[in-house]
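Before any comments, here is the structure.
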Amino acid sequence: MSSPATLPPALLDSLRRAGRVVVLTGAGISAESGVPTFRQAQTGLWAQYDPQELATPAAFRRQPQLVWDWYAWRRELVAGVAPNPGHFALASMEAYVPTFTLITQNVDSLHQRAGSRHVIELHGNIARVKCSREERVVETWPATEERPPRCPDCGAFLRPDVVWFGEALPAAVLHAASEAARLADIFLTIGTSGLVQPAASLPRLAAGNGAVTVEINIEDTPLSPRMDYTLRGPSGVILPMLVERAWPD
Ligand code: OAD
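Heads up: the sequence shown begins at 4 in the numbering used here, then just goes up one per residue.
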């Protein structure tokens with residue numbers, strides 16, 4: 004294990020030499036922006052709810068208004084926060100690396116707002132909504148008091164365009180992420196508990212195909228024992244240091 008003050012020179016060297024760098028991020032990278040992670044207590048009105056129980060198709064069937072309102076609250080929360088130094092460091096890393104792929108489980112757009120351009124969103128994006136029956140993304144719908152609002156075409160409820168527990172990831176998205184992992188020279192896993200599949204299997208796929216693996220997290224995860232390097236600490240501190248030391252110019 005390494006502290007940020009002692010970033011291993013061999014890791015810095017591998018980063019500088021890598022043709023393909025792939026990064027997988029989770030809720031932890033947005034924690035320093037003020038977005039609560041999934042396994043952290045929620046705040047305010049929503050403190051009594053477990054996100055893992057709200058983010059399911061069954062919850063939406065049972066209590067569509069509650070689930071819609073939770074996402075409306077999260078959408079507002081995310082719109083009111085800013086990317087942190089961890090997001091910005093990844094955006095700048097993209098400029099130094101010949102082929103850089105950022106895979107995120109986050110639905111908050113903070114990577115894009117920090118300037119990252121090639122982002123694979125595994126779990127969708129909270130800013131979009133789709134028809135719960137036909138899955139089609141819906142841009143506009145008639146103003147209504149009803150929550151959730153209805154699809155203008157078929158009348159079914161609209162829902163956030165995110166992947167819920169128990170739902171499959173879009174095939175093309177998963178394929179793109181898996182291909183990137185397979186080809187990676189270095190694979191960095193940042194701020195994810197490594198508990199949710201199939202995202203959690205990407206570091207292993209990369210390692211199995213020869214990538215150097217790195218974890219950045221404030222604590223140990225089930226992925227830690229398999230990593231070549233584990234950097235313990237907040238990603239908003241470690242990532243800027245990593246980029247600055249790997250590419251000092
Ligand atoms: P989790 O909430 O499960 O895990 C967040 C991880 O970030 C934990 O391992 C923390 O230790 C770590 N962490 C917290 N603050 C950090 C910081 N400042 N710097 C570095 N690490 C930090 O979030 P995910 O792993 O993203 O899926 O969860 C995966 C998926 O499960 C989510 O995308 C969501 C979910 O419930 C769906 O909604 C389908």
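Virtual Cβ for every residue (Gly too), placed ideally from N, Cα, C.
Keep in mind it's a predicted model, so treat the numbers as computed, not measured.
So residue i packs on residue j, CB below 8 angstroms; how close in whole Å?
i, j, result
"S36", "A85", "6 angstroms"
"W167", "T59", "5 angstroms"
"A314", "I123", "Here the chain has residues from 4 to 252 only, and residue 314 is not among them."
"G127", "V165", "4 angstroms"
"S2", "A98", "Residue 2 lies beyond the range of the chain shown here (4 to 252); nothing can be said about it."
"L80", "V38", "7 angstroms"
"T195", "G89", "Going by Cβ atoms, the distance from T195 to G89 rounds to 13 angstroms, so no, they are not a contact pair."
"R185", "N212", "5 angstroms"
"E137", "C157", "6 angstroms"
"N87", "G239", "5 angstroms"
"L172", "K133", "The pair is not a contact, with the Cβ atoms about 14 angstroms apart (cut-off 8 angstroms)."
"L18", "A249", "4 angstroms"
"P206", "P151", "Not a contact, Cβ separation roughly 36 angstroms."
Give me the Cα-Cα distance between residue i and residue j, rounded to the nearest whole angstrom.
i, j, result
"W71", "R153", "12 angstroms"
"V176", "V100", "22 angstroms"
"A203", "E182", "15 angstroms"
"L93", "W76", "27 angstroms"
"S6", "T216", "Residue confidence for S6 is low, a pLDDT of 49 falling below 50, so the modelled location carries little weight and cannot support an answer."
"M319", "G236", "Here the chain comprises residues numbered 4 to 252, so residue 319 is not present and cannot be evaluated."
"L14", "L57", "40 angstroms"
"P243", "F91", "8 angstroms"
"V140", "S112", "17 angstroms"
"R23", "L125", "19 angstroms"
"P54", "D252", "43 angstroms"
"A82", "I129", "10 angstroms"
"T9", "Y52", "40 angstroms"
"R65", "L245", "46 angstroms"
"D16", "P201", "30 angstroms"
"A214", "A187", "6 angstroms"
"T233", "W144", "47 angstroms"
"E142", "R20", "43 angstroms"
Is it true that the segment 182–196 meets the segment 23–33, where meeting means three or more beta-carbon pairs spaced less than 8 angstroms apart? yes
Return the chain-ordered ranges of every beta strand (DSSP E) run that is complete within the segment 200–247 and spans a minimum of 3 residues. 215–220, 232–235
Counting pairs of Cβ atoms below 8 angstroms between the segment 107–124 and the segment 212–225, do you hit three or more? no
Return the chain-ordered ranges of every alpha helix (DSSP H) run that is complete within the segment 109–142 and spans a minimum of 4 residues. 113–117
Please go through the segment 18–42 and give each complete alpha helix (DSSP H) segment of 4 or more residues, from N-terminal end onward. 31–34
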